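Worksheet: one structure, shown below.
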Amino acid sequence: MLTDDQYYSAVLSRDRRFDGVFFVGVSSTGIYCRTVCPVKPPRREHCTFYPSAAAAEQAGYRPCLRCRPELAPGQAKIDAVGRLAAAAASRIEDGALTEHSVSDLAQSLGISDRHLRRILQQEFGVTPIQLAQTQRLLLAKRLLTDSSLSIADIAFASGFSSVRRLNALFQKHYRLNPTALRKATHLPQDSLRCELAYRSPFNWQALLKFLQPRAIAGVENFEANGYQRTVRVGQHQGWIQVSPIPKQDKLEVVLSASLIAAILPILSRVKALFDLAADPILIANHLSELALASPGLRVPGAFDGFEVAVRAILGQQVSVKAATTLMARLVQTVGTPISTPIAGLTHLTPTPAQLASLSLSDLTDLGILPARAAAIQSLAQAFNHGILRLDSYADIEATVTQLKTLPGIGDWTAQYIAMRVLAYPDAFPYTDLGLRRALGVERTEQVLQIAETWRPWRAYAAMYLWKSLEEQANDLNVLPLVRESCRLVAADV
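Per this note's numbering, the very first residue in the sequence shown carries number 495; after that it's consecutive.
The structure is reproduced here in structure tokens:
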């Protein structure tokens, strides 16, 4: 826990490492800001520090129109309470309290109402309702600033029951009429543009290099340094495009107008896919020489958790190319066709219900081995019946245990899913042959022993090790350094 003086030092230096970690309320203006705010820093005696935007707003502060707190990157939590609170906050951000109660949210997380309120107060300094209200207001503020949507469309997309309610809360909390934030936009009406911030460094090219060979034909596409895909969220279908904004620590997200009502969960999924909540400097300092060659490496997440889990099963003991071919075949046969203006985006990925309805022979006829076909069937049925949850809100240990009870899913697949789908930073597919090769050891016990020093960031260590295998002929390869530092540890196992 930092002291107020340390918080203030971060404000004075505009330290990007703390962007989104805390917010500063300025009593002389009634405004709260990010640490990276470009305006002249306030005097120390005018500053109060808050763990979340919601806590600052609850204290009566209004969001800064210059640094825009709604664009601050999130935080990756590693402790149990922090992860649970972050899961609750993410679900609230996705709109969980728009149509459901706090009790419903607590029940879905497997905890009591009281415990939910306690952990949110502990981590973010607010109640669930206060957090939900702030998220709605900040989303409305973002859409007012960045889109040409009507006030009515913005009100409903942000989770407000009416334009009157949006106007009243905006005036009460921000002392502004929503129309005061409108500015000219040249975007076509059939799409919406948003920005998502991250902490530097961010190795975008390495992320694309991992994702591109695994792209599902018809569902995903890579063009002009960007990522494109089809999207289904509930009853809403459409497409998105994601690309880095030059010379800014932000990604641009463009989504079709058909997805506006689902903007909250879509932005949440984009953040997960590109690991935008990561603190790369903190992770690199912990991983030491392992992180030297590729600063800002991220763990690729999942836009669709079920999709990545199926892809992981198809990838068991085969090449990336072979698994990608099988996944494309599955999509073309079972996936739902969709019309988009983007060449190559033609299908939606199969739903759990669609795959659960297939027979074993339906899958094996596509060239999928019987054991993997049975695993996909079991996964789809468990997910479809609500037995299994595949997103970053899920309980890590319980979900990994559940996965390994399904036929055809062992340690490697369960840990890979924990890395990418459950967003668990300490997941580690220790049985992976590539990890043994990278470390120069022969036994999985040696891999686990060496990896102890990388806790709680072993998922990132795995990414660095896999990447180092690709660069063995490159002068930047750090494998010799890593192997030497691990040599004595491995010898003792």
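Glycine is no exception: its CB is placed at the ideal position from the N, C-alpha and C atoms. A quick note: this is a predicted structure, and the numbers were derived from the prediction, not measured.
Give me, in chain order, the residues of the same chain whose beta-carbon lies closer than 7 Å to that of residue i; leave out the 5 immediate sequence neighbours on both sides.
i: Ala796; result: Ala766, Leu767, Val802, Arg914 and Val915
i: Ala967; result: Only weak support is given to the placement of Ala967: the predicted model assigns it a pLDDT of 47, under 50, and the value that follows is read from those uncertain coordinates. There are no such residues.
i: Ser584; result: Ser762, Ser886 and Tyr887
i: Ala549; result: Phe618, Gly619 and Val620
i: Ala504; result: Phe512 and Thr529
i: Lys703; result: none
i: Cys531; result: Cys558, Arg560 and Cys561
i: Leu701; result: Phe768, Arg792 and Pro794
Closer than 6 Å by C-beta to residue i: which residues in its own chain qualify, once you throw out the five before and the five after it? Chain order, please.
i: Gly790; result: Pro695, Phe696, Asn697 and Pro774
i: Ile777; result: Trp951 and Tyr954
i: Gln848; result: Val828
In this structure, does DSSP put residue i in helix, strand or coil?
i: Ala570; result: coil
i: Gly829; result: coil
i: Trp951; result: coil
i: Leu559; result: coil
i: Ser737; result: strand
i: Val725; result: strand
i: Phe543; result: strand
i: Glu965; result: coil
i: Asn779; result: helix
i: His879; result: coil
i: Ala985; result: Caution is warranted here: a pLDDT of 49 is assigned to Ala985, below 50, making its placement in the model unreliable, and no coordinate value can be reported.
i: Gln811; result: coil
Quick check: the Cα distance between residue i and residue j, rounded to an integer number of angstroms?
i: Gln500; j: Arg556; result: 23 Å
i: Ala581; j: Ala570; result: 10 Å
i: Gln624; j: Pro844; result: 37 Å
i: Pro563; j: Val518; result: 10 Å
i: Leu614; j: Pro622; result: 7 Å
i: Val657; j: Arg792; result: 40 Å
i: Val725; j: Leu842; result: 7 Å
i: Ile754; j: Ala634; result: 12 Å
i: Val828; j: Val804; result: 13 Å
i: Leu808; j: Thr947; result: 31 Å
i: Ser782; j: Ser788; result: 12 Å
i: Leu927; j: Glu936; result: 9 Å
i: Thr830; j: Gly589; result: 26 Å
Provide the residue span of the beta strand (DSSP E) that contains residue i, from first to last.
i: Arg687; result: Ser685 to Ala691
i: Tyr526; result: Ile525 to Cys527
i: Ile862; result: Here Ile862 belongs to no beta strand (DSSP E), and DSSP marks it neither H nor E.
i: Lys744; result: Lys744 to Ser750
i: Phe664; result: Looking at the DSSP string, Phe664 is not in any beta strand (DSSP E); the run it does join, the alpha helix (DSSP H), is Val657 to Tyr668.
i: Val764; result: No beta strand (DSSP E) holds Val764; the alpha helix (DSSP H) holding it covers Ile757 to Leu767.
i: Gly519; result: Phe517 to Val520
i: Phe654; result: Run containing Phe654: none; DSSP gives neither H nor E here.
i: Glu717; result: Glu714 to Glu717
Are there any heavy atoms of the ligand NAP lying less than 7 Å away from the beta-carbon of residue i, as far as the coordinates show?
i: Leu705; result: Although the ligand NAP was asked about, the structure shown includes no ligands whatsoever.
For the alpha helix (DSSP H) that contains residue i, what are its first and last residues?
i: Tyr501; result: Asp498 to Ser507
i: Gly799; result: Gly799 to Leu808
Closer than 8 Å, CB to CB, is residue i near chain B or not?
i: Leu705; result: Looking at the structure shown, chain B is missing, and only one protein chain is on hand.
- Task: Count the C-beta pairs between the region 732–751 and the region 574–582 that are closer than 8 Å, then say yes if the count reaches three, no if not.
- Result: The region 732–751 vs the region 574–582: no contact.
- Item | the region 535–543 / the region 593–609 touching (three or more Cβ pairs under 8 Å) | No contact exists between the region 535–543 and the region 593–609.
- Message: For the region 923–935 against the region 894–901, do three or more pairs of beta-carbon atoms, one drawn from each stretch, fall closer than 8 Å, so that the two count as touching?
- Response: Judged by Cβ distances under 8 Å, the region 923–935 makes no contact with the region 894–901, as fewer than three pairs qualify.
- Query: Does the region 708–725 come close enough to the region 834–846 that 3 or more CB-CB pairs lie under 8 Å?
  - Reply: The region 834–846 makes contact with the region 708–725: 3 or more CB pairs, one atom from each, lie closer than 8 Å.
- Contact between the region 815–826 and the region 859–870 (3+ Cβ pairs under 8 Å): With the cut-off at 8 Å, the region 815–826 and the region 859–870 touch.
- Query: Contact between the region 543–550 and the region 505–524: three or more CB pairs below 8 Å?
  - Reply: Taking 8 Å as the limit for Cβ pairs, the verdict is that the region 505–524 does touch the region 543–550.
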